[in-house]
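Numbering (my numbering), first residue to last: 87 to 690.
Glycine is no exception: its CB is placed at the ideal position from the N, C-alpha and C atoms.
Reading through the structure tokens given below for one structure.
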Ligand code: M6R
């Protein structure tokens, strides 16, 4: 999604913002642009990859710049709709992330006053409004403009008359300020500037920030100066190399044993619940997330309900926000509800909105997140930080596994503290979780057979993934991965549901991937496979090692290592990821940056 960076200092700004902008490429974008201040403001913007814009970028000695990557919401991807946007006199340049909900009204008013717009973008009303309110003070002009704007936004502005100054504000979308020595930075994503500084300020919503090379001022909405805190964040190991892998996604799939290992220290310590402030009787748990994180939440429901007596519901963030209040607030249950928000990026607008709703309802909130310091970690009562390292591929892989691991750890500890499991059981679970990295390695070592299997899928128009119980969410995740990166239509279903409708779609050209682990649903699952085979549908089964029956009823059987069925989602996820990857690879799609998608979805 859109990205913003800015620099004011004592060095040439253009190479700095260009490099920072490239760090945001992984988020997904369709055009980019940079504004610098020479004698006048100079804006260069182009549709397509940053390299398109870079190829026409004029040389610049400016020590001030703002830059942007755009992911179209209003108006098609084009040079003219790209940011920065300027006013008719070209004295102001503005970059904007988010959406201006009332831009049509604002545009109409400004047009009636004679203003001429150049683009179809909602963001163009910003330089127009700021110009209207400008009388020498950019902070005041932005503040007056904010009185009119409805929406969510991060905005950064520069003006020809202020050669050293960037003014910025945010409302519900990310903005961080990087503090340097005679130079300061801003960005919508901390990864963009961590190379330059680890001294970070996290502004609050609607605070206006004035950055110059030597000063940082923060104002509230009455324009009173307010104090701010500078936080030292961990030095960050830059992920710029694919380490010999053809794609980041494949590299990240192979990093999963390490990601689980690195996250263990955070998760399996003696009393993580105290750290999370969970020292009361939890009446119910609502897990809230989007996409792959939602699927991790569904797996978590099975685990937590198995290990505790606590009922768990799982909602899409975009639905949770508008649903009836969580049970347990408003008097339905006597004990306090817990809302667990899962977001690898910590910046997903839908999940952030859900977090706010949960807090307004009086729920205790915890986040499972992979990005330290990200927005969600600052808006909840407790955080479980997964340690997957930066995930560049748009398709979530290693973060999915560490999210599941975090939910298992939560379930185990809640089970123990609520008396549902005893200490030896707690230790047994911890020990099983410690073995997961080696189980994943066994699947990874078998990747060639998954690659060979992928060829069977490339001509399919549609693929079904089915599972039952704890592996139903894995069927959903398998389908999401396949459609996301290969663009083949895929659906995940509870295996028992096919006969209630989708069976009509099965044919020789519609393969089914069936998950058949030996839990209490196994025999039913085998019957389901036989129903599908009877329709001549090719069935690819994922089964536990040595399962002769699964082999017999399927066209192809992939064996996962011996594992407790409750832990089987981990190796199965690796199979699903590799299958999608190799199918997409055969089809030649843009695996790391699939069309229309973004890594961090910062609009609702
Ligand atoms: O950063 P989040 O975990 O909040 O992101 C949620 C979804 O946007 C994300 O999982 C998306 O579905 C992935 N691209 C799936 O691979």
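The ligand M6R heavy atom lying under 7 angstroms from the CB of residue 430: Taking the first residue of the chain shown as position 1, residue 430 is located at position 344. It does: the Cβ of residue 430 is within 7 angstroms (strictly closer) of some heavy atom of the ligand M6R.
What are the partner residues of residue 182, as DSSP defines its beta bridges? On the chain shown, residue 182 is found 96 positions in, with the first residue counted as 1. Answer is 241.
On a Cα-Cα basis, can you pick out the residue from 484, 246, 509, 213 that is closest to residue 126? As a position in the chain shown, residue 126 is number 40, starting the count at 1. Among 484, 246, 509, 213, the Cα nearest to that of residue 126 belongs to 246.
Between 280, 266, 229, which lies nearest to residue 256 when the distance is taken from Cα to Cα? Indexing the chain shown from 1 puts residue 256 at position 170. Minimum Cα distance to residue 256 is reached at 229.
Sequence-distant residues of its chain with Cβ nearer than 6 angstroms to residue 577 (five each side left out): Mapped onto the chain shown, residue 577 falls at position 491. The residues are 550, 565.
On the CB-based measure, 16 or more other CB atoms within 10 Å of its CB, does residue 416 come out buried or exposed? As a first step, residue 416 is located in the chain shown; it is residue number 330 there, counting from the start. Because the pLDDT at residue 416 is just 44, under 50, the model does not fix this residue reliably, and the value given afterwards should be weighed accordingly. Counting the other Cβ atoms within 10 Å of the Cβ of residue 416 gives fewer than 16, which makes it exposed.
Report the three-state DSSP secondary structure of residue 142 (helix, strand or coil). Stepping through the chain shown from its first residue, residue 142 is reached at position 56. Residue 142 falls in the coil class under three-state DSSP.
Would you say the beta carbon of residue 566 comes nearer than 7 angstroms to a heavy atom of the ligand GDP? Among the ligands in the structure shown, the ligand GDP does not appear; only the ligand M6R can be found there.
Is it true that the region 251 to 268 meets the region 199 to 210, where meeting means three or more beta-carbon pairs spaced less than 8 angstroms apart? No, the region 251 to 268 does not touch the region 199 to 210.
Can you say whether residue 714 is buried or exposed, counting buried as having 16 or more other CB atoms within 10 angstroms of its CB? Lying outside 87 to 690, the shown extent of the chain, residue 714 is not represented and no answer is given.
Neighbourhood of residue 440 by C-beta distance below 6 angstroms, restricted to the same chain and skipping five residues each side: As a working note, residue 440 is residue 354 in the chain shown. Contacts found: 374, 403, 406, 407.
With 16 as the cutoff for other CB atoms within 10 Å, does residue 681 come out buried or exposed? For the purposes of this step, residue 681 is identified with residue 595 of the chain shown, where counting begins at 1. With fewer than 16 other Cβ atoms within 10 Å, it is exposed.
Curious, which full-length alpha helix (DSSP H) runs of at least 4 residues does the region 426 to 500 contain? Listed in chain order, the alpha helix (DSSP H) runs fully inside the region 426 to 500 are 435 to 446, counting runs of at least 4 residues.
Report yes or no: do the region 454 to 465 and the region 425 to 442 share at least 3 C-beta pairs separated by less than 8 angstroms? Contact holds: three or more Cβ-Cβ distances are below 8 angstroms.
Between which two residues does the alpha helix (DSSP H) containing residue 668 stretch? To locate residue 668, count along the chain shown from 1; it is residue 582. In this chain, the alpha helix (DSSP H) harbouring residue 668 covers 655 to 673.
Expected contact under 8 angstroms - CB spacing of residue 347 and residue 523 to nearest Å: Your numbering for residue 347 matches position 261 in the chain shown. Your numbering for residue 523 matches position 437 in the chain shown. The beta-carbon distance between residue 347 and residue 523, rounded to whole angstroms, is 5 angstroms. This is short enough to meet the 8 angstroms contact definition.
Please go through the same chain and pick out, in chain order, the residues whose beta-carbon is closer than 6 angstroms to the beta-carbon of residue 715, but skip the five residues on each side of it. The displayed coordinates of the chain run from 87 to 690. Any statement about residue 715 would go beyond what the structure contains.
Can you have a look at residue 316 and say buried or exposed, based on whether 16 or more other CB atoms are within 10 angstroms of its CB? Reading the chain shown from its first residue, position 230 is the one you call residue 316. Exposed: under 16 other Cβ atoms inside 10 Å.
Which class does residue 272 belong to by DSSP, given the choice of helix, strand or coil? Within the chain shown, numbered from 1, the residue matching residue 272 stands at position 186. Looking at residue 272 - three-state DSSP - the assignment turns out to be strand.
Helix, strand or coil: which one does DSSP assign to residue 87? By one-based count along the chain shown, residue 87 stands at place 1. DSSP, reduced to helix, strand and coil, places residue 87 outside both helices and strands of the structure shown, so it counts as coil.
So the candidates are 340, 147, 192; which of them puts its Cα closest to the Cα of residue 328? Within the chain shown, residue 328 is the residue found at index 242, counting from 1. Distance from the Cα of residue 328 is smallest, within the candidate group 340, 147, 192, for 340.
Can you tell me whether residue 129 is helix, strand or coil according to DSSP? For the purposes of this step, residue 129 is taken as residue 43 along the chain shown, with counting starting at 1. Look at residue 129 here: in three-state DSSP terms it is strand.
In DSSP terms, what residue 171 is bridged to: One-based indexing of the chain shown puts residue 171 at position 85. Per DSSP, 180.
Taking the alpha helix (DSSP H) that residue 528 belongs to, which residues open and close that run? Here residue 528 corresponds to residue number 442 of the chain shown, with the count starting at 1. From DSSP, the alpha helix (DSSP H) with residue 528 extends over 522 to 530.
To the nearest angstrom, how far is it from the Cα of residue 418 to the Cα of residue 597? As a first step, residue 418 is located in the chain shown; it is residue number 332 there, counting from the start. As a first step, residue 597 is located in the chain shown; it is residue number 511 there, counting from the start. Since pLDDT at residue 418 reaches only 40, below the 50 mark, its modelled position is unreliable, and the value read off the structure follows with that caveat. Rounded to the nearest angstrom, the two C-alpha atoms are 45 angstroms apart.
Separation of residue 668 from residue 221, as counted between CA atoms: Against the chain shown, residue 221 aligns to sequence position 135. Against the chain shown, residue 668 aligns to sequence position 582. Between the C-alpha atoms of residue 221 and residue 668 there is a straight-line separation of about 58 angstroms.
Have a look at residue 502 and residue 525 and give me their C-alpha separation to the nearest angstrom. The sequence position of residue 502 within the chain shown is 416, counting from 1. The sequence position of residue 525 within the chain shown is 439, counting from 1. Cα to Cα, residue 502 sits roughly 25 angstroms from residue 525.
Residue environment, residue 101, which counts as buried when at least 16 other CB atoms sit within 10 Å: Taking the chain shown and counting its residues from 1, the one referred to as residue 101 is at position 15. By the neighbour-count criterion, in which a residue is buried when 16 or more other Cβ atoms sit within 10 angstroms of its Cβ, residue 101 is exposed.
Restricting to Cα atoms, I'd like to know which of 651, 234, 672, 540 is closest to residue 624. For the purposes of this step, residue 624 is taken as the residue at position 538 of the chain shown. That would be 540, whose Cα lies nearest to the Cα of residue 624.
Measure the alpha-carbon distance for residue 643 versus residue 331 and round it to whole angstroms. Along the chain shown, one-based indexing puts residue 643 at 557. Along the chain shown, one-based indexing puts residue 331 at 245. Going from the Cα of residue 643 to the Cα of residue 331 covers about 27 angstroms.
Taking 7 angstroms as the limit between beta carbons, can you name the residues of its chain near residue 533, skipping five residues before and five after? Counted from its first residue, the chain shown places residue 533 at position 447. Around residue 533: 664.
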